[in-house]
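Novice: Numbering (our numbering), first residue to last: 71 to 674.
All C-beta atoms, glycine included, are put in the ideal place defined by N, C-alpha and C.
Below is one structure. I have some questions about it.
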């Protein structure tokens, strides 16, 4: 069967399936997949509340003053005002568009300095004033390169043909400035102007044309024509075989650009050849185009390109495998959990999580991810730990315990988080043993509070002890309450938070005294951290420590702030007094305008 027919059938099948799904779901809400969870600090949200966010309100009060300033016969004042209007619009001030008529009047002044004229064009562009594209085009024509850099990129972005004739003329003028030539090529490409064909091809063949100009010409031709360029692309590909180095790379990139919007069988054949290029940049571009045409075309390159040194190639292969959505694709995808590129391996973990929501693929995802977890490659272990925890795969717990000893702190922290989330009590003794060892490593300076992942590992383990009410951990946790520079801020706060779970009433006097001491330590030279003080307050409330009520009231204030809310929550637990609602979010504005109205003594 011909490739075009195969793609047509596949597209029709997908369309029918989509329509059937839509019909089935009429009147129903589509189920949503659970969100992929990242490593978190549960002590910040248990208890916690959503505070009102600070709002930024940009008052338009200065606008009338700025409009009057624009009308003053002072180029410097006008230019500064135009720049301010652009900034104000960017910041979200409403009503800035009222300046457009004044700006247009300014542009009509022949004596207007070029710098002020350029600021005026930039301001119209900032306002996205597409309705004035013709005016901007005339200004660019009349005042040359100085305005082209301000106005022409916007005309290209808006796909305006207002400069079409000017752009065509530039292609045939050898004296055209390089930047203006670039704008002309790009502009004619986005408006798909076929009258530019011959001139673009002439530029492409000129030996003096720079690689940048040649690539711009081919991208424009590829935008103008979505068919019939396969033979030209093949000629460039054939030429590359007799070239070396940058010349070979340039010829193949030109071939890719020519076919960027093609989808016919001849183009596919050339793109497949390009995907086997010796240049990774060419491979990347060819595979992206093949994936756009049909992801199935990319799958034949899995064996040879999944381990490509170029992350963009690996990412394209991965996206095609994810699109395939079958058991055979899960294994190759899972290997990328250990990818050297952090954004790709994190993306793969989330995509495998989504694939696992399909019951047909769940077992395959778990099996292949478990294989990655059983390896000792730190990147793969970290992502596999996060993924299997998100899938609530309890059997992975034993391996997570082992990985607490991994030489990379990132793996140890992810494993500790996973053990906390899986919450299997049989792992608690080993978790305590590892946490006890870690304290010795901190005190001996083998670890420091800046050791990547080690502070996070201990913090997660301590929170797990609290959540699972594991009292054998109490002696270790108590050792973290006194002030210490060596043990890290978060582990100490987690210890204070966890201790509150062990005594719902009648807490030991020694525990209360230490927690109150930490809460009250606000004096220089080394006051206690706010994180530690908040967690002490929370545990005092959780243990119903009435002896701490006076200290809690002293630091509660109005219930706002990091420590204040913890104290108010504790007071609520002790007395039943309601927690004050969060204060309205702060409203702030900008007071850095160069020109703003003055406020009179009477407030007017």
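Can you give the beta carbon distance from residue 457 to residue 422, rounded, assuming they're within the 8 Å contact cut?
Specialist: That pair is a contact at about 6 Å.
Novice: Classify residue 331 as buried or exposed, calling it buried when 16 or more other Cβ atoms lie within 10 Å of its own Cβ.
Specialist: By the 10 Å Cβ count, residue 331 comes out buried.
Novice: Going by beta carbon distance, what residues of the same chain come within less than 7 Å of residue 444, once the five residues before and after it are set aside?
Specialist: Excluding residues within five positions, the ones whose Cβ falls inside 7 Å are 469.
Novice: In its own chain, which residues sit with a C-beta less than 6 Å from the C-beta of residue 540, not counting the 5 before and 5 after it?
Specialist: Counting only Cβ-Cβ distances below 6 Å, and skipping sequence neighbours, we find 498.
Novice: If I measure Cβ to Cβ from residue 265 and keep anything under 7 Å in the same chain, skipping five residues before and after, which residues do I get?
Specialist: Closer than 7 Å at Cβ, skipping near neighbours: 238.
Novice: On the three-state DSSP scale, how would you describe residue 658?
Specialist: Note: residue 658 maps to strand in three-state DSSP.
Novice: Let me check understanding here. Comparing Cα to Cα, which of 353, 321, 413 lies closest to residue 284?
Specialist: Checked all of 353, 321, 413; the closest Cα to residue 284 is 321.
Novice: May I ask you to report which of helix, strand or coil DSSP gives residue 416?
Specialist: Correct three-state label for residue 416: helix.
Novice: Can you list, in chain order, the residues of its chain whose CB lies under 7 Å from that of residue 203, leaving out five sequence neighbours each side?
Specialist: Closer than 7 Å at Cβ, skipping near neighbours: 225, 228, 230, 232.
Novice: What separation, rounded to the nearest whole angstrom, lies between the Cα atoms of residue 409 and residue 524?
Specialist: In a straight line, the C-alpha of residue 409 is about 23 Å away from that of residue 524.
Novice: Under the rule that 16 or more other beta-carbon atoms within 10 Å means buried, what is residue 446, buried or exposed?
Specialist: Residue 446 is exposed by the Cβ-count criterion.
Novice: Quick one: Cα of residue 606 to Cα of residue 652, how far?
Specialist: For residue 606 and residue 652, the distance between alpha carbons rounds to 21 Å.
Novice: At what residues does the alpha helix (DSSP H) containing residue 299 begin and finish?
Specialist: First-last for residue 299: undefined, no H or E at that position.
Novice: Going by DSSP in three states, residue 614 sits in which element: helix, strand or coil?
Specialist: If DSSP states are grouped into helix, strand and coil, residue 614 belongs with coil.
Novice: In the DSSP output, which residue or residues are listed as bridge partners for residue 125?
Specialist: Its beta-bridge partners are 657.
Novice: In angstroms with no decimal places, state the Cα-to-Cα distance between residue 460 and residue 107.
Specialist: Computed Cα separation, rounded: 6 Å.
Novice: Look at the alpha carbon of residue 98 and the alpha carbon of residue 424, and state the distance between them as a whole number of angstroms.
Specialist: Interpretation of residue 98 is limited by its pLDDT of 45, a score under 50 that renders its predicted location unreliable; the figure taken from the coordinates is listed afterwards. Taking the straight line from one Cα to the other gives about 21 Å.
Novice: Should residue 398 go down as buried or exposed, given a rule of 16 or more other Cβ atoms within 10 Å for buried?
Specialist: Exposed is the call here.
Novice: By Cβ distance, which residues of its chain are closer than 6 Å to residue 274, with the 5 residues on each side in sequence left out?
Specialist: Here the set comprises 284, 287.
Novice: Whole angstroms is fine: what's the gap from residue 96's alpha carbon to residue 428's?
Specialist: Because residue 96 sits at a pLDDT of 40, beneath the cut-off of 50, its placement in the model cannot be relied upon, and the point is left open.
Novice: With C-beta atoms as the reference, is residue 25 less than 8 Å away from residue 418?
Specialist: In the structure displayed, the chain extends from 71 to 674; residue 25 sits before or after that span and is not available.
Novice: Is residue 195 buried or exposed, if buried means 16 or more other CB atoms sit within 10 Å of its CB?
Specialist: Per the 10 Å Cβ criterion, buried.
Novice: My assumption, with CB atoms under 8 Å, is that residue 352 sits in contact with residue 323. Please give the rounded CB distance.
Specialist: So it is a contact: roughly 6 Å between Cβ atoms.
Novice: Within its chain, find whatever has a CB closer than 6 Å to the CB of residue 662; leave out the 5 residues flanking it on each side and keep chain order.
Specialist: Counting only Cβ-Cβ distances below 6 Å, and skipping sequence neighbours, we find nothing.
Novice: Which word fits residue 358, buried or exposed, when buried means at least 16 other C-beta atoms lie within 10 angstroms of its C-beta?
Specialist: So residue 358 counts as buried.
Novice: Quick one: Cα of residue 260 to Cα of residue 251, how far?
Specialist: In a straight line, the C-alpha of residue 260 is about 14 Å away from that of residue 251.
Novice: Quick one: what's got a C-beta closer than 7 Å to residue 216's C-beta in the same chain, skipping five residues either side?
Specialist: Excluding positions up to five away in sequence, the list reads 184, 188.
Novice: Is the beta carbon of residue 363 less than 8 Å from the beta carbon of residue 333?
Specialist: Yes, the Cβ-Cβ distance between residue 363 and residue 333 is below 8 Å.
Novice: Between the C-alpha atoms of residue 567 and residue 580, what's the straight-line distance to the nearest angstrom?
Specialist: Taking the straight line from one Cα to the other gives about 16 Å.
Novice: Give the secondary structure of residue 202 by DSSP, where H, G and I count as helix, E and B as strand, and everything else as coil.
Specialist: Residue 202: helix per DSSP, three-state reduction.
Novice: Any idea what DSSP makes of residue 188, helix, strand or coil?
Specialist: Helix.
Novice: Within a Cβ cutoff of 8 Å, which residues of the same chain sit near residue 582, ignoring the five residues on either side of it in sequence?
Specialist: Same-chain partners within the cutoff: 610, 613, 615, 617, 618.
Novice: Could you tell me if residue 161 is buried or exposed, where buried requires 16 or more neighbouring beta carbons within 10 angstroms of its beta carbon?
Specialist: Residue 161 is exposed by the Cβ-count criterion.
Novice: Got a sec? Which residues, its chain only, sit under 7 Å from residue 155 by beta carbon, not counting five neighbours each side?
Specialist: Counting only Cβ-Cβ distances below 7 Å, and skipping sequence neighbours, we find 136, 166, 169, 193.
Novice: Would you mind working out which of 218, 437, 180, 223 sits nearest residue 198, comparing C-alpha positions?
Specialist: Considering only alpha carbons, the answer is 223.
Novice: With distances taken between CB atoms, is the gap from residue 602 to residue 563 smaller than 8 Å?
Specialist: Yes.
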